[in-house]
Amino acid sequence: NAGVTQTPKFQVLKTGQSMTLQCAQDMNHEYMSWYRQDPGMGLRLIHYSVGAGITDQGEVPNGYNVSRSTTEDFPLRLLSAAPSQTSVYFCASSRGTGTYEQYFGPGTRLTVT
Amino acid sequence: AQKITQTQPGMFVQEKEAVTLDCTYDTSDPSYGLFWYKQPSSGEMIFLIYQGSYDQQNATEGRYSLNFQKARKSANLVISASQLGDSAMYFCAMREDSTLTFGKGTMLLVSP
């Protein structure tokens, strides 16, 4: 099992550009989520999904879009990048909510200039 | 109000000693879960230990144990016999329903 994979590992964008961060898992997990990590802020939830076709907003959803057409994939779209979106982005998955451990991808370091 | 509070930005410990990392939480939901993750300098998030709100006993995983005091809403991580490889950022997190909320973390440095 590859676990949770994220691409790309690094990305530099100009303000106003759009892009999609890819996330895939091969563990047949129902629950997937996206976090951003900023210095001194811990991880903050952007969007999450409890199954294919179902998504919901987390703590910091503005400027981001998600969809979940398959169990395996959960892409995160930046609609019009802003310098405030410079961050490290983590995708995570788990068997469900509640007691299940979340497995994290390796992260994507995004810089918006 | 913060849901997860980690009051120690940094902690220092000598190798082979025990260390306690503090975590307090705030929730009115009777059903919740508490997690600790380790993030070394390489950046990956590593799951350490889990405690459910209905669990009667404190969770343990090898050198890690969770000191769960429900009435005080605290879930401190205890690392026994610290090793140099324990130097990392440690995050406490709480799951309510479908969301996981993280604290700001504690940087642990283990010296020889």
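Those protein sequence lines, which keep their order, are chains A and B. Positions 10 to 122 (this note's numbering) are the ones given, in order, by the first sequence. Positions -7 to 104 (this note's numbering) are the ones given, in order, by the second sequence. Don't be surprised by glycine CBs; every beta carbon is placed ideally from N, CA and C. In this text the structure is predicted, and so the values were computed from the model without any measurement.
### Message
By the DSSP assignment, the beta strand (DSSP E) with Q6(B) in it spans what residues?
### Response
G2 to Q6
### Message
Could you pull the DSSP bridge partners for T19(B) from this structure?
### Response
According to DSSP, which records beta bridges pairwise, T19(B) is partnered with nothing at all.
### Task
Please work out which residues of its chain come closer than 8 Å, Cβ to Cβ, to R77(A), disregarding the five sequence neighbours upstream and downstream, and give them in chain order.
M41, S58, G60, A61, G62, I63, T64 and F83
### Message
Check for me: the beta strand (DSSP E) holding T122(A) runs from which residue to which?
### Response
According to the DSSP assignment, T122(A) belongs to no beta strand (DSSP E), since it is labelled neither H nor E.
### Query
Mind checking Q(-2)(B): buried by the 16 CB within 10 Å criterion, or exposed?
It counts as buried.
### Task
Consider the Cβ of A101(A): report whether some Cβ of chain B lies at a distance smaller than 9 Å.
yes
### Query
Got a sec: which bits of the region 36 to 64 of chain B sit with their beta carbon under 7 Å from any beta carbon on chain A, in order along the chain?
Under the 7 Å Cβ criterion, the region 36 to 64 of chain B contributes E36, M37, F39, Y42 and G44.
### Message
I'd like the list of long-range same chain contacts for V75(A), defined as Cβ closer than 6 Å, with 5 residues on each side in sequence excluded.
### Response
H56, T64 and L85
### Query
Which partner residues of A34(A) appear in the DSSP bridge assignment?
For the sequence presented, residue 34(A) should be read as Gln rather than Ala. Q34(A) is bridged to V13(A).
### Task
Helix, strand or coil for G44(B), going by three-state DSSP, please let me know.
strand
### Message
Am I right that K30(B) and Y82(B) are in contact with their C-beta atoms under 8 Å? What's the rounded C-beta distance?
### Response
6 Å
### Query
What residues in the region 46 to 65 of chain A have a beta carbon less than 8 Å from any beta carbon of chain B?
G49, M50, G51, L52, R53, L54, Y57, V59 and D65
### Task
Below 6 Å CB to CB, which residues in the same chain sit around S103(B) once its five sequence neighbours on both sides are set aside?
Q6
### Query
Run through DSSP, which three-state label would S93(A) get?
S93(A) sits in a helix when the DSSP states are folded into three classes.
### Message
In this structure, how does DSSP classify G77(B) when only helix, strand and coil are distinguished?
### Response
Here DSSP, grouped into helix, strand and coil, assigns G77(B) to helix.
### Interfacial residues, the region 15 to 27 of chain B to chain A, with Cβ spacing under 8 Å
S23, G25 and F27
### Task
Using a Cβ-Cβ cut-off of 9 Å, state whether S42(A) counts as contacting chain B.
yes
### Task
Using the Cα positions of T16(B) and G44(B), report the straight-line distance between them to the nearest angstrom.
14 Å
### Message
Using the three-state DSSP reduction, which class does N50(B) fall into: helix, strand or coil?
### Response
coil
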